[in-house]
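J.:
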Amino acid sequence: MSRILVVDDDDQLRRALRINLAARRYEVLTAADGTSALRTAGHTPPDLAIVDLGLPDLDGVEVVRGLRGWTSIPIIVLSARHDQAGKVEALDAGADDYVTKPFGMDELLARIRAALRRAAPQPDSVTITTAAFTIDLAAKRVTTTAGDEVRLTPTEWHMLELLARHPDKLVAQKQVLREVWGPAYENETGYLRVHLANLRRKLEPDPSRPRYLITEPGIGYRFTP
1 MSRILVVDDD DQLRRALRIN LAARRYEVLT AADGTSALRT AGHTPPDLAI VDLGLPDLDG
61 VEVVRGLRGW TSIPIIVLSA RHDQAGKVEA LDAGADDYVT KPFGMDELLA RIRAALRRAA
121 PQPDSVTITT AAFTIDLAAK RVTTTAGDEV RLTPTEWHML ELLARHPDKL VAQKQVLREV
181 WGPAYENETG YLRVHLANLR RKLEPDPSRP RYLITEPGIG YRFTP
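UniProt numbering numbers the first residue of the sequence shown as 1 and each following residue consecutively.
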């Protein structure tokens, strides 16, 4: 049974999440503010945390930083904010994903399942297979279902490899830029658009309606095998 910490000052939402999660056999801890959330997590470590950004005492980003300082558990941020800056700040602080309020319970539950799957110990695997192509991380090679090799530039491969090693996880734009191009290129978002468009052209069955390489506008990217 996975233990989930829900941090939100909205009593009704906190209760709804507790009921829905408990009904799916999760153990649920709740906190109405950041201070009690960090205290609860330190006393009874959760397997995953859901953190609202708009808390009465601490900004949710500070809670994310506080958790990330000692644990690698998945952290899903809830946000009613419409600006992207807060979401980007939370991701840069260590959050793994975000869900914008209002949200569907089914969507949040799916994000929770995906995050817990990623966090679970996995057997060493170097091959990722989709319906359209296969990525061999060891050989640094991509092939179509027909067995034809897809020729990628070194930059395209590096970008694809980074996303593929974090399946279903939202990877922030700055993280991609840092790891593929280096810290000096953190604001060069134009690079991302060009190379992602090239990857989609080479890998997606319909590049105009991407199935595998998903953009979260202004935030980052997600590889969904």
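In this text, a Cβ means the ideal position worked out from N, Cα and C, and glycines have one as well.
1. Run through the DSSP bridge pairs and tell me what residue 233 is partnered with.
2. State whether the segment 70-80 contacts the segment 184-203, with contact taken as three or more CB pairs (one from each stretch) at a distance under 8 Å.
3. In this structure, what does DSSP give as the bridge partners for residue 314?
4. So the candidates are 50, 208, 160; which of them puts its Cα closest to the Cα of residue 97?
5. When you compare only the Cα positions, how much space is there between residue 205 and residue 221?
6. Could you tell me whether the Cβ atoms of residue 5 and residue 21 are closer together than 8 Å?
7. Beta-carbon of residue 12 versus every beta-carbon of chain D: anything under 8 Å?
8. By Cβ distance below 8 Å, which residues in the same chain neighbour residue 1 in space, the five residues on each side in sequence not counted?
9. Grab the span of the beta strand (DSSP E) containing residue 215 for me, first residue to last.
10. Using C-beta distances below 6 Å, list every residue in its chain close to residue 108, excluding the 5 sequence neighbours before and after it, in chain order.
11. Give the DSSP-derived three-state secondary structure of residue 33 in the structure shown.
12. Hey, which unbroken runs of the alpha helix (DSSP H) at 4 residues or more fall wholly within the UniProt domain "OmpR/PhoB-type" (125-225)?
13. Report the residue from 130, 33, 135, 48 whose alpha carbon sits nearest the alpha carbon of residue 94.
14. Rounded to whole angstroms, what is the Cα-Cα separation between residue 101 and residue 32?
T.: Looking at the atomic coordinates:
1. Nothing about residue 233 can be reported from this structure: the residues present for the chain run from 1 to 225 only.
2. No: the two stretches stay apart, fewer than three of their Cβ pairs being nearer than 8 Å.
3. The displayed coordinates of the chain run from 1 to 225. Any statement about residue 314 would go beyond what the structure contains.
4. If we check each option's Cα against that of residue 97, 50 comes out closest.
5. Their backbone Cα atoms lie some 18 Å apart in a straight line.
6. Cβ atoms of residue 5 and residue 21: not closer than 8 Å.
7. No chain D is part of this structure, which consists of one protein chain only.
8. So the list reads 25, 26, 27, once near-sequence residues are dropped.
9. It spans 213-216 - the beta strand (DSSP E) in which residue 215 sits, taken as one unbroken run.
10. Taken in chain order, the residues that qualify are 99.
11. It is coil, neither helix nor strand.
12. Within the UniProt domain "OmpR/PhoB-type" (125-225), the complete alpha helix (DSSP H) runs of at least 4 residues are 154-164, 173-180, 189-203.
13. Closest in C-alpha terms to residue 94, from the list 130, 33, 135, 48, comes 48.
14. Between residue 101 and residue 32, the C-alpha separation is close to 17 Å.
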